[in-house]
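Report on the following structure.
Protein chains: 2
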Amino acid sequence: MDNKKIQEERMKCYFIQATKEILKGEGLKCISVRNIAQRAGYSYATLYNYFKDVKDLIFLCIHDFQVECEEFVKQETASLPEGIETLKAISKSYMKYFIQYTGVYELLFIERINENKQITESVCTLLDKLCQNNWDYCVKEQLLSQEASEATKIQLRNAVSGLLLFYINRKYPNSYKDLTVLTEIQLNKILSF
Amino acid sequence: MDNKKIQEERMKCYFIQATKEILKGEGLKCISVRNIAQRAGYSYATLYNYFKDVKDLIFLCIHDFQVECEEFVKQETASLPEGIETLKAISKSYMKYFIQYTGVYELLFIERINENKQITESVCTLLDKLCQNNWDYCVKEQLLSQEASEATKIQLRNAVSGLLLFYINRKYPNSYKDLTVLTEIQLNKILSF
DNA sequence: ATGTATAATTAACACTGTTAATATATTTTG
DNA sequence: CAAAATATATTAACAGTGTTAATTATACAT
Numbered sequence: 199m200d201n202k203k204i205q206e207e208r209m210k211c212y213f214i215q216a217t218k219e220i221l222k223g224e225g226l227k228c229i230s231v232r233n234i235a236q237r238a239g240y241s242y243a244t245l246y247n248y249f250k251d252v253k254d255l256i257f258l259c260i261h262d263f264q265v266e267c268e269e270f271v272k273q274e275t276a277s278l279p280e281g282i283e284t285l286k287a288i289s290k291s292y293m294k295y296f297i298q299y300t301g302v303y304e305l306l307f308i309e310r311i312n313e314n315k316q317i318t319e320s321v322c323t324l325l326d327k328l329c330q331n332n333w334d335y336c337v338k339e340q341l342l343s344q345e346a347s348e349a350t351k352i353q354l355r356n357a358v359s360g361l362l363l364f365y366i367n368r369k370y371p372n373s374y375k376d377l378t379v380l381t382e383i384q385l386n387k388i389l390s391f
Numbered sequence: 199m200d201n202k203k204i205q206e207e208r209m210k211c212y213f214i215q216a217t218k219e220i221l222k223g224e225g226l227k228c229i230s231v232r233n234i235a236q237r238a239g240y241s242y243a244t245l246y247n248y249f250k251d252v253k254d255l256i257f258l259c260i261h262d263f264q265v266e267c268e269e270f271v272k273q274e275t276a277s278l279p280e281g282i283e284t285l286k287a288i289s290k291s292y293m294k295y296f297i298q299y300t301g302v303y304e305l306l307f308i309e310r311i312n313e314n315k316q317i318t319e320s321v322c323t324l325l326d327k328l329c330q331n332n333w334d335y336c337v338k339e340q341l342l343s344q345e346a347s348e349a350t351k352i353q354l355r356n357a358v359s360g361l362l363l364f365y366i367n368r369k370y371p372n373s374y375k376d377l378t379v380l381t382e383i384q385l386n387k388i389l390s391f
């Protein structure tokens with residue numbers, strides 16, 4: 199029956215929605231089967247009729263957050279012209295998203311979940327993807343070689359990851375202002391070619 | 199009484215030792231009060247006579263691992279002359295330590311524990327510290343300015359952190375060989391001045 | 001309307017960290 | 001040296017966690 203599928207998808211959606219709300223609000227540490235189910239308006243065991251386990255459910259949120267982050271950055275940088283300054287703006291916007299939703303950061307980069315290679319790789323290279331057309335532009339305008347752009351892309355990804363890890367996970371530096379200063383210096387250093 | 203103190207310290211040491219063994223062996227996910235106590239040869243509740251809670255105990259391991267990492271890197275790079283190549287060697291040795299003991303990496307950089315500013319900062323700047331005399335050397339030899347060395351130091355720290363995070367936590371890239379290639383490129387890029 | 005398939009719930013299990021009450025050593029005192 | 005007092009270690013219990021089995025409620029087809 200087709201109705202079965204529709205209803206099943208709707209139910210799944212309720213649980214996924216609840217999970218996403220908790221992650222964005224209270225954070226990863228507040229995720230529990232009973233907590234999710236309560237917010238979805240069902241008993242905790244009902245969840246297991248639609249998901250293999252809680253990891254399976256949480257895993258499904260990753261893709262949604264990835265898309266959300268992408269849209270967030272695109273909206274913030276859509277009006278900017280292609281080039282180095284936009285690469286900086288994208289990087290800062292990307293960081294802004296994860297600093298605003300640290301629970302999402304934890305899920306995407308910290309939490310050990312069922313290792314799906316596809317998703318894992320697309321999470322790791324999300325910033326690369328967001329920057330891609332700007333890198334292409336810089337190469338086309340001969341601001342740097344194709345080879346150099348590849349290495350610099352990875353450099354940018356690592357720098358941003360490092361800054362986020364220390365700031366979100368270790369409160370280092372201990373103020374947002376200090377982080378922005380640090381970020382500015384690092385971005386200028388990496389993106390001066 | 200002085201004997202009291204000695205005995206108390208000995209007891210603490212048994213639990214700390216057990217915790218460190220589990221962390222270096224099975225990893226952070228295998229840490230539990232009952233598991234630690236069993237390995238130490240005591241009941242789980244005995245632990246609470248010597249530590250406020252399990253976080254307090256785990257926290258005490260951080261300093262030891264930091265020292266161990268420091269000694270590991272120093273031993274591997276002691277014979278090298280000061281300079282850029284040694285900065286690379288130190289970075290690679292530092293990465294090697296954490297890849298060998300991923301449980302230690304998790305504890306120092308991933309796990310959310312009682313936030314002690316002192317320790318947190320010293321963990322975040324451990325690589326900086328290990329490199330310091332080489333940076334001083336490079337500045338003295340006028341290979342780069344003091345200001346540039348500060349920015350590059352942070353750049354190196356972030357790059358290494360990013361590489362470790364993705365590789366250890368997300369298996370990206372998915373082979374150690376690929377990681378070494380990626381690392382080599384990144385280090386050469388950062389340390390070419 | 002009744003029987004059957006399906007979905008949702010409660011009860012239970014094996015874990016987790018932590019605390020209170022109990023049992024065991026150890027030390028101090030008569 | 002024996003008894004009382006103190007300190008230490010252990011078991012039992014509680015409130016959590018994820019997960020599964022058994023049970024109840026619901027929807028659907030005959």
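Chains as they are written, first to last, in the numbering used here: chain Y, 199 to 391; chain A, 199 to 391. The beta carbon of each residue, even a glycine, is placed where N, CA and C say it ideally should be.
For residue j and residue i, believed in contact at Cβ under 8 angstroms, the rounded distance
i	j	result
residue 240 of chain Y	residue 232 of chain Y	With a Cβ gap of about 11 angstroms, residue 240 of chain Y and residue 232 of chain Y do not count as contacting.
residue 213 of chain A	residue 238 of chain A	5 angstroms
residue 290 of chain Y	residue 381 of chain Y	7 angstroms
residue 387 of chain A	residue 349 of chain Y	5 angstroms
residue 306 of chain Y	residue 260 of chain Y	6 angstroms
residue 335 of chain A	residue 274 of chain A	Wrong, their Cβ atoms sit about 18 angstroms apart, outside the cutoff.
residue 222 of chain A	residue 301 of chain A	6 angstroms
residue 328 of chain A	residue 288 of chain A	5 angstroms
Outcome for residue i when other beta-carbon atoms lying within 10 angstroms are tallied against a minimum of 16
i	result
residue 391 of chain A	exposed
residue 276 of chain A	exposed
residue 368 of chain Y	buried
residue 203 of chain A	exposed
residue 359 of chain A	buried
residue 331 of chain A	exposed
residue 304 of chain A	buried
residue 211 of chain Y	exposed
residue 292 of chain A	buried
residue 299 of chain A	buried
residue 356 of chain Y	buried
residue 205 of chain Y	exposed
residue 375 of chain Y	exposed
residue 316 of chain A	exposed
residue 379 of chain Y	exposed
residue 321 of chain A	buried
residue 353 of chain A	buried
Same chain only: Cβ atoms within 7 angstroms of residue i, ignoring 5 sequence neighbours per side
i	result
residue 309 of chain Y	226
residue 333 of chain Y	347 and 351
residue 295 of chain A	267, 270 and 271
residue 228 of chain Y	220
residue 339 of chain Y	none
residue 362 of chain A	293, 296 and 303
residue 235 of chain A	241, 242, 244 and 245
residue 326 of chain Y	351 and 355
Close Cβ partners of residue i (< 8 angstroms) along its chain, the five nearest in sequence each way excluded
i	result
residue 283 of chain Y	none
residue 314 of chain A	257
residue 342 of chain A	336, 350 and 391
residue 389 of chain A	282, 285, 286, 350 and 354
Proximal residues to residue i (C-beta, below 6 angstroms), its chain only, five neighbours per side dropped
i	result
residue 311 of chain A	253 and 257
residue 370 of chain Y	364
residue 344 of chain A	337
residue 248 of chain Y	209 and 210
residue 377 of chain Y	365 and 371
residue 263 of chain A	302
- Chain-ordered residues of the stretch 354 to 384 of chain A with a beta carbon less than 8 angstroms from chain Y: 355, 356, 357, 358, 359, 360, 361, 363, 364, 367, 368, 369, 370, 372, 380, 383 and 384
- Given a limit of 9 angstroms on CB to CB distance, which residues of the stretch 313 to 341 of chain A reach chain Y? 313, 315, 318, 319, 321, 322 and 323
- Message: So if I threshold CB-CB distances at 7 angstroms, which residues from the stretch 287 to 299 of chain Y count as touching chain A?
- Response: none
- Selection of the stretch 253 to 280 of chain A by Cβ proximity to chain Y, strictly under 8 angstroms: none
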